[in-house]
Amino acid sequence: MPHSPLLPGRAGDVPVYLLVCRSVALLGLLLLSPAGFSQTTTPPKTRPKVTAAPATRGRTTVQYAKGFTITYAGNCKVVTILSPFEQKTTATRYLLVPRGTARPAGYPDAQVITTPIRSLVGLSSMHVALASFLGADDILVGLGNFKYASSPRVRQRITEGKIYEVGQGKELNNEQLIARHPDLVMTTGWPGENLTRFQTLAAAGIPVMINSEWVEKTPLARAEWVKVLAVLLNKEDVVNQKFGQVAREYQRLATLGQKAAKRPRVVVGMPFKDVWHVPDTDSYMAQFLRDAGTTYAWDKTKSPQGSLALSFETVSPVALTADYWLHTGSVSTKAEVVAQDARYAAFASFKSGRVYNNNRRTNAQGANDYWESGAVRPDLVLADLLRILHPELLPAGALCYYQQLK
Amino acid sequence: MSTTVRVAATVPQRVPAAAGARRRAAWLVVLAGLVVLGFVLDIALGSVRIPLSAVVDILLGRPGKTPAWEFIVQQIRLPKALTALAVGSGLAVSGLQMQTLFRNPLAGPSVLGLTAGAGLGVAVVMLASGSVAGSFAIRALGIGGSWSLVLAATTGAALVMGLVLALSAKVRDNVVLLIVGIMIASVTGAIVSLWQYFSAPEQIQEYLLWTFGSLGGVVGAHLTVLALVVGVGLVLAFASAKSLNVLLLGENYARSMGLRVGRSRTLIILSTSLLAGSITAFCGPIGFVGIAVPHLTRALLRTADHRVLLPASCLAGAALTLGCDCITQLPGSQITLPLSVVTSLLGAPVVLWVVLRRQSIRSSFS
């Protein structure tokens, strides 16, 4: 952990010249712009009010996800996020302490988060989905990019100016984050990365949590990350009930799909020039295809990246004869498909019109709700897939996330 | 360098005329053979194993054993091999023209900023979001995935070309023109970087894939247009062979010999713009071929005569690109490598070996 120069007790670790420089700089700032300086110390007025909840209301356990664990210790909770990419497990531990309680002894390496959190900055659309799922859209006060929010409530709050944009990727607007001081920043984890790039925020006492849901191997495991936010909000009872419902419905549908008599052959994705990325055996997409009762050519192929970068030539024998073609990227009409590459017209699925994309719920900003609410509602996604691939198995109904290309 | 030294350097090469001519003819035949071999290999090899007899059958128009094989050979491998021919010869020739025009061994098709201009055009289409309403409309209206890319890249390259042509009429000094080109590339590169900085990761990935360069995706109408433009560019280049020879002696000397320098310069820039611009538009920036092949041919043929160098560069460029494309397919493996990476990784040592054997490169430019 980096030193925390903002904490008074740690000043002794900092060289004297730095302290002098800082004092001079602070003095200068104070003299030059008193208003600007005081802004950082005033808490934001728009902070949503969350009624004080008892420390723990019910408990939850992790059933499917492999990327995190939740344990209960007294009236505190410990959330451990495991790094999925490294051989030796480097875990990041978070100690969840009820508001108004002193930090208990133990877990010296853990970051402390005061619960329930009242404000959250989410850097991925998945984080919007987690909050929406728990009916806690209002705790979102910051987003990486406004463009990627689909939830109507969040969109409304953006219009009302109640959410700020903090930038995405590796470049966060640290000054704004420190000034607004959210209770938690949730970010997405990438291979070979750890929390060191958030040193500044850590030093300012803003906890940062890496949420690597996208590496989970099954749709249910991915959706289960909603429990991480639930324990942060003391909403265990809500998540047990709602996620339990989703999981049961998903299992019911998966049983239907796995027992399907005929197994249509599918091809997924759209190539760019020579390269066609297809999901590998360990990806949650492959699990969707298994549960939807399909024949998928790369069902048994492993790749460390979660997807395989194949040549167009390799995929084309499969694509030519596949019964269905799913996930056609940004295109939503058949004319756009052939405009991308005239060769796609030779695919059997294209000729029979069995081409489906997952972008039915795309809003005016271009955000696709499949990547938001779809991430926590795998039951709805699987129901769509079954309706497309096995219409005889489910009663007729409208598709939720998918649409047929006309 | 004085003019007398340059003349002295060119003269000795012409002394053993008969032997030299035989040697050059032999090399041209060898290079042509390599092109044919590369073309055949590029169609025969790939990540899907198709027996040679089946490939020949399909090429001769007989029905293939499976529709998939027919599709692969006719729709994937053949267009790709033809694209490789156009790309290799076009880039090599435009590189040769640039090196001679600027009398700089480090010049290549990208020096005029054309590639960078094309890249900016593509970035506009790929990275544009709702914030830039006009460009977003291009995407949303579905003018067509790949055509809109080609259109954007061509527009970008054409704008830069227009700027360079306008400047070349004003600026007399080729070195100044070279610096202008490099600065234009810098500015467009910076704009693209800025754009990337504010873009979503998935958009950046798409753009990144484009910058790796690829021969795939050039089919049907695309291939016809590319072949046509590269053809025109090559004709212009061959027409400028004599003026290139004279320009090698320096602009003042060329002028004193009666060459209309401004006009030949415009012709050469136009030709190289057509070649590099169209190839970048369709295939993305493909590095190395343009800068390396001219050196390779000069070293192999030991001549500075563009009437020989131009066709030789054409052949060598095509052969090298075809060979590299065979390797990007990694026969037997299911993945494909970016073409630019392969051309540089495998081409650079070959060129180094040839150039080091010859030691002096300065004589080529004087």
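Chain order of the listed sequences is A and B. Taking our numbering, I'd label the letters of the first sequence as residues 73 to 478. Taking our numbering, I'd label the letters of the second sequence as residues 2 to 367. Yeah, the Cβ is synthetic: ideal placement off N, Cα and C, and Gly gets one too.
Counting only residues of its own chain and dropping the five nearest sequence neighbours on each side, K289 (chain A) has a CB closer than 8 Å to the CB of K138, D354, S355, Y356 and Q359.
Note that the stretch 192 to 208 of chain B does not touch the stretch 51 to 62 of chain B; fewer than 3 beta-carbon pairs, one per stretch, sit closer than 8 Å. Taking N435 (chain A) as the centre and dropping the five residues before and after it, the same chain places the C-beta of S222 closer than 7 Å to its C-beta, in chain order.
Secondary structure of T143 (chain A) (DSSP, three-state): strand. Under a criterion of Cβ atoms nearer than 7 Å, the residues of chain A adjacent to T337 (chain B) are, in order, D346, V347 and S383. When rounded, the separation of the alpha-carbon atoms in G122 (chain B) and V200 (chain A) is 34 Å. According to the DSSP assignment, Y396 (chain A) belongs to the beta strand (DSSP E) that extends over Y396 to L398. DSSP places G214 (chain A) in the strand class (E or B) of the three-state scheme. In this structure, I44 (chain B) and V88 (chain B) do not form a Cβ contact; the two beta carbons are roughly 16 Å apart against a cut-off of 8 Å. With the criterion set as a beta carbon lying under 9 Å from some beta carbon of chain A, the members of the stretch 37 to 68 of chain B are G47, S48, V49, T67 and P68, in sequence order. CA-CA distance, L458 (chain A) to Y322 (chain A), rounds to 11 Å. Excluding five sequence positions before and after T116 (chain B), the CB atoms of its chain that fall closer than 6 Å to its own CB belong to T281 and P286, given in chain order. The beta-carbon of L210 (chain B) is placed less than 8 Å from the nearest beta-carbon of chain A. P295 (chain B) counts as buried, since no fewer than 16 other beta carbons sit within 10 angstroms of its beta carbon.
Counted as a single uninterrupted DSSP element, the beta strand (DSSP E) harbouring W348 (chain A) occupies residues V347 to P351. When secondary structure is reduced to three states using DSSP, F213 (chain B) falls in the coil class, being assigned neither helix nor strand. Taking a contact to require three or more Cβ pairs closer than 8 Å, the stretch 139 to 154 of chain A and the stretch 294 to 307 of chain A qualify as touching. In the three-state reduction of the DSSP assignment, S284 (chain A) falls in the coil class, being assigned neither a helical nor a strand state.
Residues of chain B with a Cβ closer than 8 Å to the Cβ of L392 (chain A) are, in chain order, P68, A69 and F72. Secondary structure within the stretch 421 to 464 of chain A: the alpha helix (DSSP H) runs of 4 or more consecutive residues, fully enclosed, are 445 to 448 and 450 to 461 (chain order). Nearest neighbour of A411 (chain A) by Cα position, chosen from B:I269, B:L338 and B:V219, turns out to be B:V219. Not a single CB atom of chain B sits nearer than 8 Å to the CB of T367 (chain A). Taken in chain order, the unbroken stretches of alpha helix (DSSP H) that lie wholly in the stretch 371 to 412 of chain A and span 4 residues or more are 384 to 393 and 406 to 412. In the displayed model, R337 (chain A) falls within a strand according to three-state DSSP.
Look at I77 (chain B): its C-beta is under 8 Å from a C-beta on chain A. In chain order, I73 place their CB closer than 7 Å to the CB of V49 (chain B), counting only its own chain and leaving out the 5 sequence neighbours on each side. Taking 8 Å as the CB threshold, T290 (chain A) stays off the interface with chain B. The beta-carbon separation of N147 (chain A) and P180 (chain A), rounded to 19 Å, does not stay under the 8 Å limit for a contact. Here V262 (chain B) has E252, A255 and R256 as same chain residues with Cβ atoms under 7 Å from its own Cβ, once five neighbours each way along the sequence are excluded. Here N312 (chain A) has T132 as same chain residues with Cβ atoms under 6 Å from its own Cβ, once five neighbours each way along the sequence are excluded. At a beta-carbon threshold of 8 Å, the residues of chain A lying near Q330 (chain B) are S383 and E385, ordered along the chain. The beta-carbon of S215 (chain B) is placed less than 8 Å from the nearest beta-carbon of chain A. Counting only the Cα atoms, V280 (chain A) lies some 16 Å from L202 (chain A).
Remark: C-beta atoms of V226 (chain A) and D209 (chain A) approach each other more closely than 8 Å. For A317 (chain B), the CB contacts under 7 Å within the same chain, skipping 5 residues up- and downstream, are L32, A93, V294, L297 and T298 in chain order. Against chain B, the beta carbon of R337 (chain A) has no neighbour under 9 Å; the closest one sits roughly 13 Å away.
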